[in-house]
Structure formats: C-alpha cells, structure tokens
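Visitor: First to last, the sequence lines map onto chains Z and C.
Take any residue in the first sequence, count from 1 to its spot, add 107: that is its number in my numbering.
Take any residue in the second sequence, count from 1 to its spot, add 61: that is its number in my numbering.
First, the structure itself, so that you have it in front of you.
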Amino acid sequence: MSRNPTAIYDAAPRERRRRSKNAKVITPGAGRIRLPRRVKRLQRAAPMYAFQGLNELSTRLRGLTGREVIDMNRVMGLMQFAYKQQQMAKRGPNYAVDEFGFDPEWTESLLPLFEVMYRDYWRIETTGIENVPASGRAMLVSNHAGVLPWDGTMIKTAVFVAHPQPRHVRALVASLFMGMPVLSWFLRRTGQTVGHPDDTRRLLERDQLVLVFPEGVRGTGKQYDDRYKLRRFGRGGFVSTAIRAGAPIIPVSVVGSEEIYPMIADIRALAKMIGMPYFPITPTWPWLGPLGLIPLPSKWRIQFHPAVHVEENPPDSADDQNLVMALSDQVRDTIQQGVYDNLKLRRGVFV
Amino acid sequence: MTPHVPGRVLITGVSNPLGAEVARRLATRVPWLFGCDVDDPVSALEEMDFVHADTRQSVIGKLVRQLKIDTVVHLAVMVDAPRGERVTHETNVIGTMNVLTGCAGPSSPVRRLVVKSSQAVYGARPDYPSLLSEDVAGFSPTATSVSRDLIELELLAHDFAVRNPACRVARMRLGYRISRETMLGRYLSLPLAPTFAGFDPRLQLLHEEDAADAIAAAALGTQEGPFNVAGDGVILLSQAIAIMGGQPLPILPPVGLGLSRLAIRSTTGVNLPGHLVELLMHGSVLDCSRLATEFGWLPAHSSRAVMDGFAFGLSEEPIESPSPPQEYELQVYLQRRRRGEGNGHGTASSLALSR
C-alpha cells in the first residue's frame, strides 16, 4: 500500500510491462440488441417528426374544412405535460416537502389537467381576482357544494391561473378524509391539511392563502332541491382564527358546483355502515359504476369578493362570541348574495 | 427561585447509547457524575462513578440521599420495546414511579429532574393537527401499549412536579431516532419495505447527538414542563426508503393494524411496536417552538440530514472492543478527527497518500 505509485514509470520498459496488469476486455452485453446508428438517430428524432407530421395534417385540414380540427397548442401542451411527468419521475427521492407534506413542484406538474377542467369543461368565468392579495396572509371562505370537493380544486386552479401573481391555495379538509387511503396521500401532497384551528393558525402565520369551507360536509351532502341555499356556518371558529392570526377574510361565491352531481337521494344507513358522512344517489351513480364519478359539464362562475377586514379588531376580541357570530353572518350573507347575483348572470345550467 | 447549578448528577439508564452520550457531555460540565443501570456500560468514563441499580426496585431513594444527588436525569425509559411489552411497562411505569418516590419528600436533596419521554406519547392519528404541540398529548382509548405507558409516565412526572415545587421537572419528548439498533432504522433499511397501500406518511427524525445535547442542556437548565425535541423539516416514508436504497411495497391493507404488525414481523423479522405501525400509516410531526423559545436552541440536524447520514453510514460508526477506557476515548477522538477531516469516505487512502 505504501509503495510510491510514481515508481512504476521510472522502471525500464520491460520491467514496466511485467508489473502492469493485463487490461480487462469489456465486451458489450449479449442480452441487448445493438441498433445501427441510423436507426438510433431516427428513434431519437421520432417525436419531432411526429409533431411535424401532425402540424402538416393540421394545416391541410384547416385548409380543407375551414376551421381548426387539430389544435396544435393542445398538442404542444400534452407533450409538455408528458415531458414534465417524466421529469418528476426522474427526481427520485431528491425533493423536499414542507411540514404539512406539500410538494409544490409536483402539484404544479399536475395543474395542466385541472386547467383543462377549468377552461374547457366547466368554462369557468372568474371575477374579482384582484381582491386576492399578491402576497401575505388571507383566508378565503367559500360555499361548499357538489358531492366531491371539485369546488376547492377549481378555486385553487383559479388563483393559480387567473391571478397575475400565481399562488398556491391551501385548503382545509375534514379529518375524516385524512384517514382514507390514496385520498389522504393526494390531499397532503397537493397542499391540503386538516381543518384544525392549530393548523389554520400555522398556515396563516407562514403568510399562506388558506381556503375554508365552514359548511363542511353539510354543504357537499346537500340534496339537489336545496341547491344554492347556504347551510349554517358552524360556530364561527374561522372568524376567531382569522382575528387571532391577523388575516383578512375574502368571501368567495361559487356557482355551478351544485349541478355536477345532482343528488336525488341519500342512503343514510349505508353511509353509516361504511363510515361516510353521506351516500349519494345521482342519475348516474351508482348505476353506471365508475362512469358515475364523471361530473356533469355545468357552467361555472367564481366570484372573489372584497376582503372583510376582521384583522382590524384587537386580537382578544376573538373570544367575543357576539362579534364573531356577527362577522360570520356578514361573510355568509356576502357569499349568499354573490351566489344569487352570479346565478342571474348565468344564462343556463349548461351554457 | 435561585438559578440551579448542578453539583452532583445521577443518570439512570446510563448504559444505553443515549445515556453514554449524555454522560460524556456532562462529564466535563459538572463536578460529580454518577450513573446507574442494570447492564454494564458500553463505555467506561473516567469521570463517572457507575453503580449497578435497577430502577424497578426501590433503591434510588437510598442512592439519592446517600450521595446527596441534586440533579437526576432519568433515561431508563424504553420506547422500542425489544424485550416485550411486559418488561417495557415495568421499566417505564414502575421504574419511573420508583425514581419519583425516591426523589420525593422534604428530606430529598433533588432540585432538578429530567425525564426522557418520546414522540410516541402522541401516537399517530388522522384527526391530529399536522404539527403536534405539547398540549395535544392526553389519554386516548385507542393508544397503543407503549403510548399508554408513556402517557402514564408523564402523568406521574407531572403529579410529582405539582407536589414537589422545590424540584423542577422537565419532560423531554424526543423524536424518533434511527440507528442499526432501533426498530425504525431496521425497518427503513429493508430492501423491500412493506407499507400501507395508499398512504405516504410524513416522518420526522432526530439525530443521536441532538438528542444527547437536548438532555444535557435540560440537565443544566431550569426549564419546566414538556418539550418536543425533533429535527427540522419532514421526510416522506417513500423518500426515506428510497434514500436507504430500498423499495416500498404497498401491500398492507389500511385496516387492522395488529394484523399488519404480525405480517411485517413474519415476513421481514422486524418486530415493530404498535406505535410505529400507526406512524407508518398516519405519520407524526412535532412543533418544537416551545423548545426554541425556552431553550433558545433547536436540533442542528434536519430530518433529511439524519436520513442521509444514516444511509451513508456516517450517522454512527460502531466502536469495537471498548474495554479499557483509554482505548475508547482514543477511538472516539480519532473518529472525531477523521470525521472533521472531510467527507468521511476514503480515509484509508488519504492516510496512505500522506505518508
């Protein structure tokens, strides 16, 4: 070990040959077929050729029919999405999540999917986005409807897509869903957390946008006859938390989410048996199986109202139940009025 | 209240690796150091007097009064349950009760008591907030056996603090530590680790050195009450297994934790205690802000750094034949030097080249 490595070069050529080991010959593995270089080059360039061919086809078809048959922007978006997912798979364990389990990079890679739902499927019109601050803490409070929480997803997408300063919204979910497989993993990974006052306070202290649904499962479990009638807003706990954390409340009205799964009946006994808050019966669920999970393409409108500045109250007024309930009712009335206004602006349920 | 200056310190459970590290830190800081345990210490420390004493029998009272101990660091608390639930319960609850009765009473010279607890006191549940502050822990009917024991242990320590205002009690809730000996460490190093299907919990880890630093700081300080101690940041279970070079195998059904525990034991030989099985499903993360404000200190290693360190085998280098104390000290010294030199890899070649 202690022999000087340079000594070998001082020795005579013959000695050097004696000391040096035979080089190991590495033969290419027999298992894999070696493709000719030309085929390899073609393989690498295949996606580009496919894209060019598609582009050509698109131009021809436009010339023939006079309208856009294949939208090249869509194709580009799809390719970018596939590339991004490949990149996500490549990073292995080398990424960081925050203390709540939020992985922003991964969430942004999935956003194109939700953007398609936002722009093309529900054709969402968003108003008042300027009321959402570009930085700093704020609490978004919205009405809750639809059997599955698509409204939360769409509010998140709206703030990320329509806001000049894209921001991630962190929604609060019922602890019930945090104990469920797949759902708990997906919700945490995309930035949601448990609807617990401690968590709300911590998120607001980190200057995040927090989305709260004070109606909870009372809102999503509404039957179709009760659509657009807001339920009780709990005991106004969200107002206390906002006052303590010094965050303004931004009321949000969502119209359209009530029609995605029109709930005709609710089988309470079955729901209790499987540990769910409700078991919905819709025109498609459970008759069509997994196809019943496809939401109907209703027309949506989302309105962000001007902020209610609850943070101007002193922090100890968070314990004043009178004030808290008054503010809670004020927020609820704003949302309800916004829902009626937007219903009037909508021409029909599906147009 | 006058500030507490520790003069004569007794460490129970000094033979476990954490006890040895705490003793090494306190050896130079306090005039008199005593240690007691059932087993022989893994390392002999010149500054420490070692006594064979079992906390499960009421000998601590005599020891404390005879030696005029003013600070007791109670580390004889088991969280991993390697010797069965019966022994764990005896050690954690009965042992702590004996130590507390030994330190109680007007004739007791003890002014400072530090009790080791664990993150396991919380268990892991889906309805918990994402970060657990100290006041979340409490009795729960679904708690696993180790969690139940720890809750009882902390209640005993709390009662003791109320009844003996002259003695200041700190309960240190240490985060999960990983090494070749701990169950969590062994589980994470499995080449194929069975996980719960559809769950990817957040883990928070604590470095051995940070744990020892925290206990030593508590022994020298006067802070009272429970304290969460855990590394900064979190790491997902799938990330942790991937860093260790393994592959997560999501096959365990999300019902019946006891059955899953049996399944893990029979297929891999790792006997995870119930609270760790819960952890693999829901995860648990501590809020260490109370530690930061009262101690002005936070663990130096983040969860990610602990995991990386464990994966590269730098977290803990096994020390062979520790019989003579000088040799042990020498080995520790050399280890420190080697670690300080650089990346820790290829030390042999660098020595050969420098010659």
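Yeah, the Cβ is synthetic: ideal placement off N, Cα and C, and Gly gets one too.
None of the values given here were measured: they were computed from a predicted structure.
(1) I'd like to check one pair, residue 163 of chain C with residue 121 of chain C: are the Cβ atoms closer than 8 angstroms?
(2) Kindly say whether residue 308 of chain C, judged by its beta-carbon, lies nearer than 8 angstroms to any beta-carbon of chain Z.
(3) Once you ignore the five residues that flank residue 256 of chain Z on each side, which residues in its own chain have a CB closer than 7 angstroms to its CB?
(4) Could you list which residues in chain Z have their beta carbon closer than 7 angstroms to that of residue 322 of chain C, in chain order?
(5) Taking only runs that begin and end inside the region 104 to 178 of chain C, name each unbroken beta strand (DSSP E) of 3 or more residues, in chain order.
(6) Does the region 311 to 320 of chain C touch the region 144 to 162 of chain C, meaning 3 or more C-beta pairs lie closer than 8 angstroms?
(7) Straight-line CA distance for residue 321 of chain Z to residue 335 of chain Z?
(8) Mapping the DSSP letters down to three states, classify residue 89 of chain C as helix, strand or coil.
(9) Just curious, the beta strand (DSSP E) that residue 233 of chain C is in, first and last residue?
(10) Inspect the beta-carbon positions of residue 161 of chain Z and residue 177 of chain Z and report whether they are closer than 8 angstroms.
(11) Got a sec? Which residues, its chain only, sit under 8 angstroms from residue 261 of chain Z by beta carbon, not counting five neighbours each side?
(12) Count the other CB atoms within 10 Å of the CB of residue 413 of chain C; is the residue buried (16 or more) or exposed (fewer)?
(13) Could you give the uninterrupted runs of the beta strand (DSSP E) lying entirely in the region 229 to 288 of chain Z, keeping only those of 3 residues or more?
(14) Answer yes if the region 377 to 387 of chain Z comes into contact with the region 421 to 435 of chain Z, meaning at least three C-beta pairs across the two stretches below 8 angstroms, and no otherwise.
(15) When the Cα of residue 295 of chain Z is compared with those of C:111, C:142, C:251, C:296, which residue comes out closest?
(16) Need the endpoints of the alpha helix (DSSP H) that residue 293 of chain Z sits in, please.
(17) Would you report the Cα separation of residue 217 of chain C and residue 205 of chain C, rounded to the nearest angstrom?
(18) Using a threshold of 8 angstroms, state whether the C-beta atoms of residue 260 of chain C and residue 291 of chain Z are closer than that.
(19) Within the same chain, show all residues whose beta-carbon is closer than 7 angstroms to that of residue 192 of chain Z, passing over the 5 residues directly before and after it, in chain order.
(20) Kindly indicate which residue of C:198, C:327, C:91 has the alpha-carbon position closest to the one of residue 213 of chain C.
(21) Residue 461 of chain Z: buried (16+ other C-beta within 10 angstroms of its C-beta) or exposed?
(22) Can you tell me which of the three DSSP states residue 389 of chain Z falls into?
(23) Compare the C-beta of residue 303 of chain C against all C-beta atoms of chain Z and say whether one is closer than 8 angstroms.
(24) Using only CA atoms, which one of Z:331, Z:353, Z:149, Z:213 lies nearest to residue 367 of chain Z?
(25) Where does residue 437 of chain Z fall in DSSP's three states?
(26) Out of curiosity, what's the CA-to-CA distance linking residue 442 of chain Z and residue 179 of chain C?
(27) For residue 343 of chain C, count neighbouring Cβ atoms within 10 angstroms of its own Cβ and tell me buried if that reaches 16, exposed if not.
(28) Check residue 204 of chain Z in the structure and name its three-state DSSP category.
(29) Would you report the Cα separation of residue 358 of chain Z and residue 413 of chain Z, rounded to the nearest angstrom?
(30) Going straight from the alpha carbon of residue 396 of chain Z to that of residue 389 of chain Z, what length do you get?
(31) Please report the distance separating the alpha-carbon of residue 85 of chain C from that of residue 270 of chain C.
(32) Spatial neighbours of residue 458 of chain Z within its chain, please: CB distance less than 7 angstroms, with the 5 preceding and 5 following residues excluded, ordered by chain position.
(33) Going along the region 259 to 288 of chain C in order, which residues come within less than 8 angstroms of chain Z, judged by CB to CB distance?
(34) For residue 318 of chain Z and residue 279 of chain Z, which I take to be in contact (beta-carbon distance under 8 angstroms), what is that distance rounded to the nearest angstrom?
(35) Can you pull the chain C residues whose beta carbon is under 7 angstroms from the beta carbon of residue 535 of chain Z, in chain order?
(36) If we ignore side chains and look at the alpha-carbon of each, how far apart do residue 350 of chain Z and residue 418 of chain Z end up?
Guide: This is what the structure gives:
(1) For the purposes of this step, residue 121 of chain C is taken as the residue at position 60 of the second sequence. For the purposes of this step, residue 163 of chain C is taken as the residue at position 102 of the second sequence. The beta carbons of residue 121 of chain C and residue 163 of chain C sit closer together than 8 angstroms.
(2) Looking up residue 308 of chain C in the second sequence gives position 247. No, no contact with chain Z.
(3) One-based indexing of the first sequence puts residue 256 of chain Z at position 149. 327.
(4) Residue numbering aside, residue 322 of chain C sits at position 261 when the second sequence is read from its first letter. At a beta-carbon threshold of 7 angstroms, none of the residues of chain Z lie near residue 322 of chain C; the nearest stands roughly 18 angstroms away.
(5) 109 to 113, 132 to 135
(6) no
(7) Here residue 321 of chain Z refers to the residue found at position 214 when the first sequence is read from its first residue. Here residue 335 of chain Z refers to the residue found at position 228 when the first sequence is read from its first residue. About 15 angstroms.
(8) If you number the second sequence from 1, residue 89 of chain C lands on position 28. It is coil, neither helix nor strand.
(9) Reading the second sequence from its first residue, position 172 is the one you call residue 233 of chain C. First-last of the beta strand (DSSP E) with residue 233 of chain C: 229 to 235.
(10) The residue you call residue 161 of chain Z lines up with position 54 of the first sequence. The residue you call residue 177 of chain Z lines up with position 70 of the first sequence. Cβ atoms of residue 161 of chain Z and residue 177 of chain Z: closer than 8 angstroms.
(11) For the purposes of this step, residue 261 of chain Z is identified with residue 154 of the first sequence, where counting begins at 1. Within the same chain, residue 261 of chain Z has close Cβ partners 221, 224, 225, 229, 231, 361, 364, 407, 409.
(12) The count along the second sequence starts at 1 and reaches residue 413 of chain C at position 352. Because residue 413 of chain C sits at a pLDDT of 37, beneath the cut-off of 50, its placement in the model cannot be relied upon, and the point is left open.
(13) 232 to 234, 245 to 249, 276 to 280
(14) Short answer: they don't touch.
(15) As a first step, residue 295 of chain Z must be located in the first sequence, where it is residue number 188. Nearest C-alpha to residue 295 of chain Z: C:296.
(16) Locating residue 293 of chain Z in the first sequence gives position 186, where the first residue counts as 1. Residues 290 to 296.
(17) For the purposes of this step, residue 217 of chain C is taken as the residue at position 156 of the second sequence. For the purposes of this step, residue 205 of chain C is taken as the residue at position 144 of the second sequence. In this structure, the straight-line span from the alpha carbon of residue 217 of chain C to that of residue 205 of chain C is close to 18 angstroms.
(18) Taking the first residue of the second sequence as 1, we reach residue 260 of chain C at position 199. Taking the first residue of the first sequence as 1, we reach residue 291 of chain Z at position 184. The answer is yes: Cβ separation under 8 angstroms.
(19) Here residue 192 of chain Z corresponds to residue number 85 of the first sequence, with the count starting at 1. Hits under 7 angstroms: 216.
(20) Residue 213 of chain C sits at position 152 when you count from the first residue of the second sequence. Cα-wise, what sits closest to residue 213 of chain C is C:198.
(21) The requested residue 461 of chain Z does not occur in the structure, where chain Z is confined to residues 108 to 458.
(22) Counted from its first residue, the first sequence places residue 389 of chain Z at position 282. Residue state, collapsed to three classes: coil.
(23) By one-based count along the second sequence, residue 303 of chain C stands at place 242. For residue 303 of chain C, the answer is yes, since a Cβ of chain Z falls inside 8 angstroms of its Cβ.
(24) Here residue 367 of chain Z refers to the residue found at position 260 when the first sequence is read from its first residue. Among Z:331, Z:353, Z:149, Z:213, the Cα nearest to that of residue 367 of chain Z is on Z:331.
(25) On the first sequence, residue 437 of chain Z is found 330 positions in, with the first residue counted as 1. Here residue 437 of chain Z sits in helix by DSSP.
(26) Sequence index remark: in the first sequence, residue 442 of chain Z carries index 335 (1-based). Sequence index remark: in the second sequence, residue 179 of chain C carries index 118 (1-based). Taking the straight line from one Cα to the other gives about 46 angstroms.
(27) Here the question's residue 343 of chain C lines up with position 282 in the second sequence. With 16 or more Cβ atoms within 10 Å of its Cβ, residue 343 of chain C is classed as buried.
(28) The residue labelled residue 204 of chain Z in the question sits at position 97 within the first sequence. Correct three-state label for residue 204 of chain Z: coil.
(29) Sequence index remark: in the first sequence, residue 358 of chain Z carries index 251 (1-based). Sequence index remark: in the first sequence, residue 413 of chain Z carries index 306 (1-based). Taking the straight line joining both Cα atoms gives about 7 angstroms.
(30) Reading the first sequence from its first residue, position 289 is the one you call residue 396 of chain Z. Reading the first sequence from its first residue, position 282 is the one you call residue 389 of chain Z. When rounded, the distance between both Cα atoms is 11 angstroms.
(31) Counted from its first residue, the second sequence places residue 85 of chain C at position 24. Counted from its first residue, the second sequence places residue 270 of chain C at position 209. Each residue's alpha carbon lies about 11 angstroms from the other.
(32) Mapped onto the first sequence, residue 458 of chain Z falls at position 351. Correct list, in chain order: 406.
(33) 259, 260, 261, 263
(34) Taking the first sequence and counting its residues from 1, one reaches residue 318 of chain Z at position 211. Taking the first sequence and counting its residues from 1, one reaches residue 279 of chain Z at position 172. Contact holds; Cβ gap of about 7 angstroms.
(35) This structure does not reach residue 535 of chain Z, given that chain Z is present from 108 up to 458, and the question cannot be answered.
(36) By 1-based counting over the first sequence, the position of residue 350 of chain Z is 243. By 1-based counting over the first sequence, the position of residue 418 of chain Z is 311. Answer to the nearest angstrom: the Cα atoms are 5 angstroms apart.
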